[in-house]
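In terms of the numbering used here, the sequence shown is residues -9 to 132.
A quick write-up on the structure given underneath.
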Amino acid sequence: MSTVIRIGRILIDDSEIEERFVRASGPGGQNVNKVSTAVELRFNVWRSPGIDHATKRRLAALAGRRLTDDGTLVIDAQRFREQARNREDARERLIELIREASIPPRPRHKTKPKYSAKLERLAGKKHRGETKRGRGRIRHDD
């Protein structure tokens, strides 16, 4: 029986997540050379039936370099010395990414600058032009 991860309205089956345990880099003494404690979590964003297309696009943008060409999101977790904690950390990071991607951006409302702001901008441009004009060569009309 596979478990289901629920993130708001999104449902992700455990079978969609692939985990590999690899040797971690960094401190840990001899233990780091013997035990595979780091977790490499793989989740194919484009093939997941539980995520709508708009969320998939936002998730791909958020993932950046962590997304492979075939649409697989790769999360490396090696913060902790225990495999179980790294596994939990990787899953939490995946859930947080999906949660963030599931929030649609607020629509932009067009605004017009106020008339006084336009006049102020034009006055500033005129002043700047006069300053630059004053830097030219001085002509002597004799």
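Note that CB positions come from ideal geometry on N, CA and C, so glycine has one too.
Three-state secondary structure (DSSP) at residue i?
i: isoleucine 88; result: helix
i: alanine 14; result: coil
i: threonine 62; result: strand
i: arginine 81; result: helix
i: glutamate 8; result: strand
Should residue i be counted as a contact of the ligand ADP given a C-beta to heavy atom distance under 7 Å?
i: isoleucine -3; result: As presented, the structure is devoid of all ligands, the ligand ADP included, so that no description of it is given.
Is the separation between the beta-carbon of residue i and that of residue j shorter than 8 Å?
i: arginine 75; j: leucine 31; result: no
i: phenylalanine 33; j: threonine 62; result: yes
Using a Cβ-Cβ cut-off of 8 Å (strictly less than) and excluding sequence neighbours within five positions of residue i, which residues of its own chain qualify?
i: isoleucine 88; result: Ile(-3), Ile0, Ile2, Ile41, Thr45, Leu49
i: phenylalanine 70; result: Thr27, Asn76, Asp79
i: arginine 37; result: Glu6, Gly61
With a CB to CB cut of under 6 Å and the five nearest residues on each side skipped, what residues in its chain are close to residue i?
i: isoleucine -5; result: Ile2
i: alanine 67; result: Val29, Asn76, Asp79, Ala80
Along the beta strand (DSSP E) that carries residue i, what are the first and last residues, could you check?
i: arginine 32; result: 28 to 34
i: valine -6; result: -6 to -3
i: aspartate 3; result: 0 to 3
Pull up the CB-CB distance for residue i and residue j, whole angstroms please, since I reckon it's below 8 Å.
i: leucine 52; j: glutamate 6; result: That belief does not hold up - the Cβ atoms of leucine 52 and glutamate 6 are roughly 18 Å apart, past 8 Å.
Which residue marks the beginning of the alpha helix (DSSP H) containing residue i, and which one marks its end?
i: arginine 118; result: 105 to 123
i: arginine 47; result: 43 to 53
Beta-carbon within less than 7 Å of residue i's beta-carbon, same chain only, minus the 5 sequence neighbours each way: which residues are those?
i: isoleucine 65; result: Leu31, Arg56, Ala80, Arg83, Leu84
i: valine 12; result: Ser26, Ala28, Glu30
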